[in-house]
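Chemist:
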Amino acid sequence: MLTVLMPTYNGAGTLPEVLQAYTALQAPPGGWRLIVADNGSSDGTAAVLQRFHGRLPLTTLYVARRGRSAALNDAVALGLLQMGDGSDLFMFGDDDAIPACDWLRRMVHCARLHPGRALFGGAIVPAWRVPPAPWLLRLTPEGLTWGVTSPALRDGPVYPGLVWGANMAIRRRMFETGARYDESIGPKGASYAMGSETRLNLDMFQSGHLPWFCPQARVSHIIRTHQVDMAWIVHRAYLFGRGKCRLHMPEQTVELLGVPRWMLGLYVRHLAGSVSDWLRRDREALFQRRWEMASLRGFFHEAWRGRRKRLPRIVISSYSGELGGMELRMAQEARVLDAAGYHSMLALRRFPGFQAWAQGLKAEQLRVSIYEPPLFIEHWAWRRVNLLRAKLLGAWRLRRYRPDLVHVAFCWTTYGASILWQARQCRLPTVISVHNAFPLETLSAWQQPLMREAFRGVKGVYAVSLSSMQHFLALYRDWLAPGTRLAVIPNGVDTDRFIVSLARREQARRQLRLPQDALVLGSVARLSAQKRPQELLALFIRLQPRFPNLYLVLAGTGPLEAMLRLQVQAAGLGGCVLFTGFQQRIDLLMPAFDLHLLLSKNEGFGISTIEAMACGVPAVGTDVPGSSDILRGSRGGLLLPLDDAEMACEAVAALLQDRPRRSEMGRQARIEAEQRYSMRRLEQQLRGFYAGLV
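When you line the sequence shown up against my numbering, it's residues 92 to 785, in that order.
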């Protein structure tokens, strides 16, 4: 059942018109209910609500705690007490937003067309009591000021900051897993920091939930007479500035008097310019400057009142040569740390595809920077020159991030050690994350003293699997100080994004142009020697004559791609093997698979393995450290021998022939993903690991 949530505070002036429109709403399939949260109104709001109790499926909730966010959180809690499915919608209206008669049906229809989306926004048009002067309307940011959406927005994905609270919908499962409004932001009296729904929407966006805009689901926002007055508009700019300080503090900027220095300079320039505009009687330019100055004053107010306290800063860095599981885990950790009250920064070397990946992370409001310090431990050539460069310039490069802790991700034996050494020279504490099972190697006479010095600042080490930790300690145990925090923290998977979905399976197969009844092997992995895609292709070539409707999907890029394409052409299997390249939305691709295979020669922890399991796809991997940590004893997966191609082929063939077995394995895989690798579990483990280290 659909639930509509509406907060109100002294809304007697507009509520009758709004609720009258609600009586004309066309009910969606499954019905609907309305919860109105009265936030301590002192006018006739209660009487208005009482008049409509017999005409609407209405529940009234009295919330004594002041604030729109508090009212909505209590309304959400009440809505969750009633039984419902996780895909049900919680729709949000307002006491001055008049819905079109088909509002509910339009939003429900949109949600059914996009089952993978959890957040939806609808169109908001102005209903002027008195229209503003044309010049004022032209210069005023309508969305920020009056909460109306741009007519240019079309049906499709949309930035979360453009989904407004008077017309949006969120799937019930988001609230079941803990999503709530930030009660320190949003309307709470005459002066407050704007951005309550923006904060909520950004949090969901950072968890991978890109909103969808439905222009057909429409409401009309009543704009009262006083709300087109210039003084009221300028005050809205002030409130916007307060919220901006909370939500979007500029990074890596020089501060003066507790605020970015460039903002103070901008304010002074606007102040001087406003004098000139006043002398020239240029009302339009003067209004624009007043608006900008009010926004800046709001920002300063929030900063100076201490609302924007300095968060502990953690720089996450590594020696990185390509986009893979370690890099995805680093981004995942940045999201978790930000949500836990830290300030994270991904500081990475450039690699093929870095720019596009970084842009996607920045769209999620994650902070990403290019950091390419000289390498003198990992690389032998020019090591003395690079060490000198690190001593002369390295400290400045690292300190510009103002970190309190440096996290260095190790993908291989010494890869990351130069950054670790540099942090030690800056007297910064460090932690190490281990993302592979390293071989036991002897370090050179050049490396040993540098590594010993680098490890003096290490406060904690975690590995993504027990195998990885054991291999790491075999190399470096003697250099770790007594009391160094050690932990095994497996990678996590967002089980709200990666779901079992027949609709997604059908849609993905249509997009890949695969028959709905085909057998599909899939592999999400880099096309590099470590992942052995050539062995997977050889396995497929052996299986294909026995299963003529068998297809192979390779999702990833890498140095072996050209060679693999030639092998596919030589085998005459171009129509059966698909190269998709790097895929941003793996959660929409994986349901197309019948089996997911990862035939690596070594692994730290296969993220794609648990992502497949979360989608209800049986996971198959080679019996090597990392993969065996996940699949040994698993009822949702299968381990294959590393060096016995015949046995591996027969094991996969047996699975392809046994659909009931695959179905049961898929069901068990989903259960294991939820119990062992959920984001909630990962967040708890990471918070516990970092506690007290910063």
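Even for Gly, the Cβ is constructed at its ideal location relative to N, Cα and C.
1. What are the boundary residues of the alpha helix (DSSP H) that I762 is part of?
2. Residues in its own chain within less than 6 Å of V579 by CB, not counting five upstream and five downstream?
3. From the DSSP output, in three-state form, read off C201 for me.
4. On the premise that L466 lies in contact with S411, defined as a C-beta separation below 8 Å, what is that separation, rounded to the nearest angstrom?
5. With three or more C-beta pairs closer than 8 Å as the rule, is the region 592 to 599 touching the region 567 to 583?
6. Below 8 Å on the Cβ atoms is my guess for G349 versus F390; work out the distance and round it to an integer in Å.
7. Which residue's Cα is closest to the Cα of L227: D294, M321, W512, W369?
8. Which value, in whole angstroms, describes the spacing of the CA atoms of Y768 and P581?
9. Does M681 come out as helix, strand or coil in the three-state DSSP assignment?
10. Hey, G131 and A155 are a contact pair by Cβ (cut 8 Å); roughly how many whole angstroms apart?
11. Span of the beta strand (DSSP E) holding A438?
12. Which of the three DSSP states, helix, strand or coil, is assigned to F696?
13. Have a look at G177 and M198 and give me their C-alpha separation to the nearest angstrom.
14. Going by the DSSP bridge assignment, what does R309 pair with across the sheet?
15. Less than 8 Å between the beta carbons of G212 and L253, yes or no?
16. Confirm, please, whether the CB-CB distance from L645 to S619 is below 8 Å.
17. Going by C-alpha to C-alpha distance, which of W237, L605, F304 sits closest to R245?
18. As a quick exercise: from M738, K550, A394, pick the residue whose alpha carbon is nearest that of A782.
19. Per DSSP, which residues does T713 bridge with? Please list them.
20. Between which two residues does the beta strand (DSSP E) holding H526 run?
21. Please confirm if Q450 has its CB atom under 8 Å from at least one CB of chain B.
22. If I measure Cβ to Cβ from A270 and keep anything under 8 Å in the same chain, skipping five residues before and after, which residues do I get?
23. What are the boundary residues of the alpha helix (DSSP H) that includes T575?
24. Using only the alpha-carbon positions, how far apart do A514 and R264 sit?
25. Checking the sheet assignment: what are the DSSP bridge partners for T99?
26. Decide yes or no for the touch test of the region 593 to 612 against the region 676 to 684: beta carbon pairs closer than 8 Å, at least 3 of them.
27. Tell me the rounded alpha-carbon separation between L612 and E532.
28. Taking Y462 and L478 to be in contact with their CB atoms under 8 Å, please state how far apart those CB atoms are, rounded to whole angstroms.
29. Looking at T151 and L140, is the spacing between their C-beta atoms short of 8 Å?
30. Taking the continuous alpha helix (DSSP H) assigned at L641, which residues delimit it?
31. With burial defined as no fewer than 16 other Cβ atoms inside 10 Å of the residue's Cβ, what is the status of R55: buried or exposed?
32. Measure the C-alpha to C-alpha separation of L180 and H470 and round it to an integer number of angstroms.
33. According to DSSP, is H392 part of a helix, a strand, or is it coil?
34. Alpha carbon to alpha carbon, how far is G207 from W237? Give it in angstroms, no decimals.
35. Say whether the region 770 to 782 touches the region 729 to 743, bearing in mind that this needs 3 or more beta-carbon pairs closer than 8 Å, one atom from each stretch.
36. Could you name the residues of the same chain whose beta carbon sits closer than 7 Å to that of W112, not counting the 5 residues immediately before and after it, in chain order?
Modeler: Concretely, from the data shown:
1. Taking the sequence shown and counting its residues from 1, one reaches residue 762 at position 671. Note, I762: alpha helix (DSSP H), 750 to 767.
2. Looking up residue 579 in the sequence shown gives position 488. Counting only Cβ-Cβ distances below 6 Å, and skipping sequence neighbours, we find A554, L557, M560.
3. Counting from one through the sequence shown, the residue named residue 201 turns up at place 110. DSSP places C201 in helix when its eight states are reduced to three.
4. In the sequence shown, residue 411 corresponds to position 320, counting from 1. In the sequence shown, residue 466 corresponds to position 375, counting from 1. Contact flag wrong, Cβ pair sits at about 12 Å.
5. no
6. Taking the sequence shown and counting its residues from 1, the one referred to as residue 349 is at position 258. Taking the sequence shown and counting its residues from 1, the one referred to as residue 390 is at position 299. G349 to F390, Cβ: 11 Å. No contact.
7. Along the sequence shown, one-based indexing puts residue 227 at 136. Closest by alpha carbon: M321.
8. As a first step, residue 768 must be located in the sequence shown, where it is residue number 677. As a first step, residue 581 must be located in the sequence shown, where it is residue number 490. Looking at the two C-alpha atoms, the distance is approximately 7 Å.
9. Indexing the sequence shown from 1 puts residue 681 at position 590. Three-state result, M681: helix.
10. Working through the sequence shown from its first residue, we reach residue 131 at position 40. Working through the sequence shown from its first residue, we reach residue 155 at position 64. Confirmed, about 6 Å.
11. The sequence position of residue 438 within the sequence shown is 347, counting from 1. Its beta strand (DSSP E) spans residues 434 to 439.
12. Counting from 1 along the sequence shown, the entry for residue 696 is found at position 605. DSSP places F696 in coil when its eight states are reduced to three.
13. By one-based count along the sequence shown, residue 177 stands at place 86. By one-based count along the sequence shown, residue 198 stands at place 107. Cα-Cα distance, rounded: 16 Å.
14. Sequence index remark: in the sequence shown, residue 309 carries index 218 (1-based). Answer by DSSP bridge pairing, in chain order: A214.
15. By 1-based counting over the sequence shown, the position of residue 212 is 121. By 1-based counting over the sequence shown, the position of residue 253 is 162. In this structure, L253 lies closer than 8 Å to G212 by Cβ.
16. On the sequence shown, position 528 is the one that residue 619 refers to. On the sequence shown, position 554 is the one that residue 645 refers to. No, the Cβ-Cβ distance between S619 and L645 is not below 8 Å.
17. By one-based count along the sequence shown, residue 245 stands at place 154. The option with the nearest alpha carbon to R245 is F304.
18. The residue you call residue 782 lines up with position 691 of the sequence shown. Answer by Cα proximity: K550.
19. To locate residue 713, count along the sequence shown from 1; it is residue 622. Per DSSP, L731.
20. Looking up residue 526 in the sequence shown gives position 435. Where H526 is concerned, there is no enclosing beta strand (DSSP E), given that its DSSP letter is neither H nor E.
21. Chain labels in this structure do not include chain B; a single protein chain is all it has.
22. If you number the sequence shown from 1, residue 270 lands on position 179. I261, L291, D294, M295.
23. As a first step, residue 575 is located in the sequence shown; it is residue number 484 there, counting from the start. T575 -> no alpha helix (DSSP H), and no H or E assigned at all.
24. Walking along the sequence shown from the start, residue 514 turns up at place 423. Walking along the sequence shown from the start, residue 264 turns up at place 173. One C-alpha to the other measures close to 42 Å.
25. Position 8 of the sequence shown, counting from 1, holds the residue named residue 99. According to DSSP, T99 bridges with D129.
26. yes
27. Within the sequence shown, the letter at position 521 stands for residue 612. Within the sequence shown, the letter at position 441 stands for residue 532. Straight-line Cα distance between these residues: approximately 36 Å.
28. One-based indexing of the sequence shown puts residue 462 at position 371. One-based indexing of the sequence shown puts residue 478 at position 387. So it is not a contact: roughly 18 Å between Cβ atoms.
29. Numbered from its first residue, the sequence shown carries residue 140 at position 49. Numbered from its first residue, the sequence shown carries residue 151 at position 60. Contact: yes.
30. Stepping through the sequence shown from its first residue, residue 641 is reached at position 550. Note, L641: premise wrong, no alpha helix (DSSP H); beta strand (DSSP E) at 641 to 646.
31. Past the edges of the chain, shown from 92 to 785, lies residue 55, and the structure says nothing about it.
32. Stepping through the sequence shown from its first residue, residue 180 is reached at position 89. Stepping through the sequence shown from its first residue, residue 470 is reached at position 379. Distance between the alpha carbons of L180 and H470 is about 54 Å.
33. Taking the sequence shown and counting its residues from 1, the one referred to as residue 392 is at position 301. Of the three classes helix, strand and coil, the one that applies to H392 here is helix, per DSSP.
34. Taking the sequence shown and counting its residues from 1, the one referred to as residue 237 is at position 146. Taking the sequence shown and counting its residues from 1, the one referred to as residue 207 is at position 116. In a straight line, the C-alpha of W237 is about 30 Å away from that of G207.
35. no
36. The residue you call residue 112 lines up with position 21 of the sequence shown. The question names Trp, yet the displayed sequence has Ala at residue 112. The residues are I189, P190.
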